[in-house]
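Novice: Sending over a structure as structure tokens; questions will come in a sec.
In my numbering, the protein residues as written are 934 to 1126.
Have a look at this one:
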């Protein structure tokens, strides 16, 4: 094992141990439970749009992570560790965002729609299918590059809602997404060298 690879693995272990996931740990539990996420008046169109778009965006990251965790793919332990971390962070965020939309009487986007042209970083159905055909080191490289672009798209979406949204809880989530995904992008880029 090279020193560079060993140091990257160590970095990932440290990040995971420090709670680098962005699963809204920064939101006080009692605050999230008692606020019921505000009234519909607290959410503007930008907040709702962000929630409706970020759910399928996160769902695709989880799908990409599931591919990496498929034992037939032969992904490296580092990639599998990152995939597990991404799933662990984004699953609860999807639950949270769905709850907000339900509370508002809004629906999420149809997840069967191809959103690749509507959101930065989203893979097309063909790109996602192609990713699942790769194996070993070739898969790792393609997955890392795809996840960097995917995360950068989520960061851009979160930046927009911070600037234009009005709900404080959505802002907390968006800030957590930016912090968590910027850390993961740094780790992913380090893996590419």
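For each residue, glycine too, the CB sits at the ideal point set by N, CA and C.
Buried or exposed, going by whether 16 or more other CB atoms sit within 10 Å of the CB of residue 1062?
Specialist: With fewer than 16 other Cβ atoms within 10 Å, it is exposed.
Novice: Between 1027, 1052, 1028 and 1012, which lies nearest to residue 1086 when the distance is taken from Cα to Cα?
Specialist: When only C-alpha atoms are compared, the closest one is 1052.
Novice: Any idea what DSSP makes of residue 999, helix, strand or coil?
Specialist: Residue state, collapsed to three classes: helix.
Novice: Nearest-angstrom Cα distance between residue 1123 and residue 984?
Specialist: Roughly 30 Å separates the two Cα atoms.
Novice: Between which two residues does the alpha helix (DSSP H) holding residue 1097 run?
Specialist: Residue 1097 -> alpha helix (DSSP H) spans 1069–1097.
Novice: Out of curiosity, what's the CA-to-CA distance linking residue 1088 and residue 1115?
Specialist: Computed Cα separation, rounded: 8 Å.
Novice: Taking the continuous alpha helix (DSSP H) assigned at residue 1119, which residues delimit it?
Specialist: Unbroken alpha helix (DSSP H) run through residue 1119: 1101–1125.
Novice: As a quick exercise: from 1097, 1120, 1126 and 1113, pick the residue whose alpha carbon is nearest that of residue 1021.
Specialist: Looking at the Cα atoms, 1113 is the closest of the given residues.
Novice: Tell me whether the beta-carbon of residue 998 lies closer than 8 Å to the beta-carbon of residue 1027.
Specialist: Taking 8 Å as the Cβ cut-off, residue 998 and residue 1027 do not qualify as a contacting pair.
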